[in-house]
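Chains A and B are the protein sequences, given in the same order.
Just so we're aligned: 197 in our numbering is position 197 of the first sequence, and the numbers increase by one with no gaps anywhere.
Add 274 to a position in the second sequence, counting from 1, and you land on the number used in our numbering.
Using N, Cα and C, we set each Cβ at its ideal position, and we do this for glycine too.
Remember, it's a predicted structure, so these values are computed and weren't measured experimentally.
As structure tokens, the structure follows; a few thoughts come after it.
Protein chains: 2
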Amino acid sequence: MELVSDNRSFGGRQKVFKHPSNTCGCEMTFAAYLPPQAERGPVPVLWYLSGLTCTHENAMTKGGFQEHASEHGLAVIFPDTSPRGAGVKDDEAYDLGQGAGFYLNATRNPWKTHYRMYDYIVSELRSIVMDNLPVQDKHGITGHSMGGHGAITIAVRNATLFDSLSAFAPIANPTKSDWGRKQLSAYLGDDESSWAEHDATLLLEEHGWKGDLLVDQGSGDQFLDLLKPEALADVMARRRQPGQVRMQEGYDHSYFFVNSFARDHVRWHAARLN
Amino acid sequence: MELVSDNRSFGGRQKVFKHPSNTCGCEMTFAAYLPPQAERGPVPVLWYLSGLTCTHENAMTKGGFQEHASEHGLAVIFPDTSPRGAGVKDDEAYDLGQGAGFYLNATRNPWKTHYRMYDYIVSELRSIVMDNLPVQDKHGITGHSMGGHGAITIAVRNATLFDSLSAFAPIANPTKSDWGRKQLSAYLGDDESSWAEHDATLLLEEHGWKGDLLVDQGSGDQFLDLLKPEALADVMARRRQPGQVRMQEGYDHSYFFVNSFARDHVRWHAARLN
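So this is what it looks like as structure tokens:
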């Protein structure tokens, strides 16, 4: 693991690392915010999964999580959204290939060689973080858009590994959306039965989430038809899932939206991790 | 004035506008954050001047001012740092020409046609903001690096127009620095007597500032030799200038530094403007 940059931020340190990834078969980059409390001992971790087209950098620079993580004593990990590099299959579309890993393990050629973001997050990067950074084995997970999809699907499928869960404008029902069907078909093939474990709504319907779940969604989001928050709200209500879907008036899909509610989400996780 | 974008942010609106500038002879872009309080009536304005290579966008997306401006009911204006466009003289260096207007009116060819950022900020953009946005005639000013230089020099020379003043890592003594001598020579010519009114240290020595002055500087700033905070600290102490220069341990010159102290600066201005 090589240190790429290190900036003081809110009394802590905003670091960026790169490392060879066995899982993805390429070099991967991630960012880690370490709050001042981490100088005195290990702290809980909040994982933030980013959306389509993003790298580790977008939320690190625009999300505003450091201020609140510093206050509450959480580390924040910002992974990349896909494998990267000249040798990694890509696509001209912004929503397939590099920048669009969808937090799954591809099973089809030509994607299956590198596109293993599910294992990367759940296993490899988790081990790297726990072995190299001053963190406790207490993990919260959140994310935006494709990353909100990743957060919910990964947490529900690995409920013993995560202690708190939230999402910003998640792709909530990808098996029914053009943000989902195209990618699930490309990465997993046309047998839709293999898609269900990558759909937050279907997973919550089957398994629920062990804790309570916070979801924020802007009512002015330009992608509401693709995100399908109504599917998530419906299944949460039908299943009596503890938690809340908050429809935030007038907010769109941008980082101005994420930034506006970063404080609430960090507090949500801190209350459940500390 | 044309609306370029409009995003909901912390209950208010983050807008970007472009407009033809008579002063700069080109189209100019600026960002304006309007807090929720602006829907009920005019609010005071905080001007944020950016540093070398920046546009209106850097501080708007990375500074984190919106959260605190929303809490305290301030509008925040983020101007660009120079004239722009294909017809505007530029230079290959990052610290001269486009992105490096230094908040002065150039008097030499080929710069003097467009490089009039002093008049643009003090007069033209001020009028545009006051005529078109729900703001009071109460103005604070701050900025980072070249923008900190701009904030102090503009406020001290126009003490009747500004009611509060602060700076992040300002270029404090440009007549003695390679961030200054090169640009002042290019834009104003070799007669150094014309440079003094663009040097924060020399201006404070001669005029002082009517109020108190907050300056934050990172002790780990990679540009300390060019910024010369010691010159500013020295003249403030000798002149018994109310205010403070805070040396913040380990912070560098990045927006992680600005973001870390944005709250303090917004509070500083709000306490003096409200």
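By the 10 Å Cβ neighbour count, where 16 or more other Cβ atoms means buried, how is residue i classified, buried or exposed?
{"i": "L439(B)", "result": "buried"}
{"i": "D190(A)", "result": "exposed"}
{"i": "R390(B)", "result": "buried"}
{"i": "L277(B)", "result": "exposed"}
{"i": "N406(B)", "result": "exposed"}
{"i": "T81(A)", "result": "buried"}
{"i": "Y368(B)", "result": "exposed"}
{"i": "A374(B)", "result": "buried"}
{"i": "A511(B)", "result": "exposed"}
{"i": "Q37(A)", "result": "buried"}
{"i": "T160(A)", "result": "exposed"}
{"i": "Q222(A)", "result": "exposed"}
{"i": "R13(A)", "result": "buried"}
{"i": "N548(B)", "result": "exposed"}
{"i": "P83(A)", "result": "buried"}
{"i": "P242(A)", "result": "exposed"}
{"i": "D411(B)", "result": "exposed"}
{"i": "N109(A)", "result": "exposed"}
{"i": "M146(A)", "result": "buried"}
Kindly indicate the opening and closing residues of the alpha helix (DSSP H) around residue i.
{"i": "F223(A)", "result": "Taken as a continuous stretch (DSSP letters only), F223(A) belongs to no alpha helix (DSSP H), as it is neither H nor E."}
{"i": "V122(A)", "result": "Where V122(A) is concerned, there is no enclosing alpha helix (DSSP H), given that its DSSP letter is neither H nor E."}
{"i": "R126(A)", "result": "R126 to N132"}
{"i": "E206(A)", "result": "A200 to H207"}
{"i": "K336(B)", "result": "E331 to K336"}
What are the boundary residues of the beta strand (DSSP E) that includes residue i?
{"i": "F168(A)", "result": "S164 to F168"}
{"i": "S21(A)", "result": "G12 to S21"}
{"i": "G517(B)", "result": "G517 to Q522"}
{"i": "Y368(B)", "result": "Per DSSP, Y368(B) belongs to no beta strand (DSSP E) and is neither H nor E."}
{"i": "Y322(B)", "result": "V317 to L323"}
Name the residue from the options whose alpha carbon lies nearest to the alpha carbon of residue i.
{"i": "G315(B)", "options": "L348(B), A441(B) and S324(B)", "result": "L348(B)"}
{"i": "V532(B)", "options": "G422(B), L477(B), D280(B) and A374(B)", "result": "G422(B)"}
{"i": "A544(B)", "options": "T381(B), E366(B) and S344(B)", "result": "S344(B)"}
{"i": "W283(A)", "options": "A100(A), S193(A) and Y187(A)", "result": "Only positions 1 to 274 of chain A appear in the structure, and residue 283(A) is not among them; the question remains open."}
{"i": "T201(A)", "options": "G220(A), D212(A) and P229(A)", "result": "P229(A)"}
{"i": "T55(A)", "options": "F30(A), R126(A) and G64(A)", "result": "F30(A)"}
{"i": "G417(B)", "options": "V489(B), G494(B), A360(B) and S295(B)", "result": "V489(B)"}
{"i": "A360(B)", "options": "L378(B), H346(B), C300(B) and E331(B)", "result": "C300(B)"}
{"i": "S9(A)", "options": "H68(A), P20(A) and N22(A)", "result": "H68(A)"}
{"i": "Y275(A)", "options": "D91(A), A169(A), N274(A) and L227(A)", "result": "Nothing about residue 275(A) can be reported from this structure: the residues present for chain A run from 1 to 274 only."}
{"i": "S468(B)", "options": "V509(B), E523(B), V396(B) and A380(B)", "result": "A380(B)"}
{"i": "I415(B)", "options": "W542(B), S279(B), M334(B) and K292(B)", "result": "W542(B)"}
{"i": "R400(B)", "options": "E366(B), G325(B), I445(B) and P353(B)", "result": "P353(B)"}
{"i": "D280(B)", "options": "P294(B), D495(B) and A306(B)", "result": "A306(B)"}
{"i": "N296(B)", "options": "K456(B), E398(B), D508(B) and G285(B)", "result": "E398(B)"}
{"i": "I171(A)", "options": "D252(A), I121(A) and D199(A)", "result": "D199(A)"}
{"i": "W453(B)", "options": "F376(B), Q340(B), V362(B) and V350(B)", "result": "F376(B)"}
{"i": "M28(A)", "options": "V88(A), G64(A), L226(A) and D212(A)", "result": "V88(A)"}
{"i": "M275(B)", "options": "H293(B), K289(B) and G285(B)", "result": "H293(B)"}
{"i": "S185(A)", "options": "L104(A), W47(A) and D234(A)", "result": "L104(A)"}
{"i": "T387(B)", "options": "D364(B), A429(B) and T335(B)", "result": "D364(B)"}
{"i": "L487(B)", "options": "I426(B), I395(B) and G285(B)", "result": "I426(B)"}
{"i": "H207(A)", "options": "R157(A), A231(A), N173(A) and R246(A)", "result": "R157(A)"}
Mind checking whether the beta-carbon of residue i lies closer than 6 Å to any heavy atom of the ligand GDP?
{"i": "F376(B)", "result": "Here there are no bound small molecules, and the ligand GDP is not part of this structure."}
Residue i by DSSP, collapsed to three states: which one?
{"i": "P110(A)", "result": "coil"}
{"i": "M510(B)", "result": "helix"}
{"i": "T142(A)", "result": "strand"}
{"i": "E345(B)", "result": "helix"}
{"i": "M302(B)", "result": "strand"}
{"i": "V88(A)", "result": "coil"}
{"i": "S279(B)", "result": "strand"}
{"i": "I171(A)", "result": "coil"}
{"i": "N533(B)", "result": "helix"}
{"i": "Y187(A)", "result": "helix"}
{"i": "D538(B)", "result": "helix"}
{"i": "N548(B)", "result": "coil"}
{"i": "P357(B)", "result": "coil"}
{"i": "A100(A)", "result": "strand"}
Using a Cβ cut-off of 7 Å, pull out every chain D residue sitting near residue i, in sequence order please.
{"i": "S534(B)", "result": "The structure shown has no chain D; the protein chains it does contain are A and B."}
Residues of the stretch 329–347 of chain B with a CB closer than 8 Å to any CB of chain A: list them in chain order, please.
-> T335, K336, G338, Q340 and E341
Using a Cβ-Cβ cut-off of less than 9 Å, give me the residues of the stretch 304–327 of chain B that come near chain A, in sequence order.
-> none
Members of the stretch 493–513 of chain B near chain A, C-beta cut-off 8 Å | G494
Mind checking the stretch 276–297 of chain B against chain A and listing, in chain order, the residues whose C-beta falls within less than 8 Å of any C-beta there?
-> N281, R282, S283, F284, G285 and Q288
Using Cβ-Cβ distances below 9 Å, what residues of the stretch 514–529 of chain B are close to chain A?
-> Q522, E523, G524, Y525, D526, S528 and Y529
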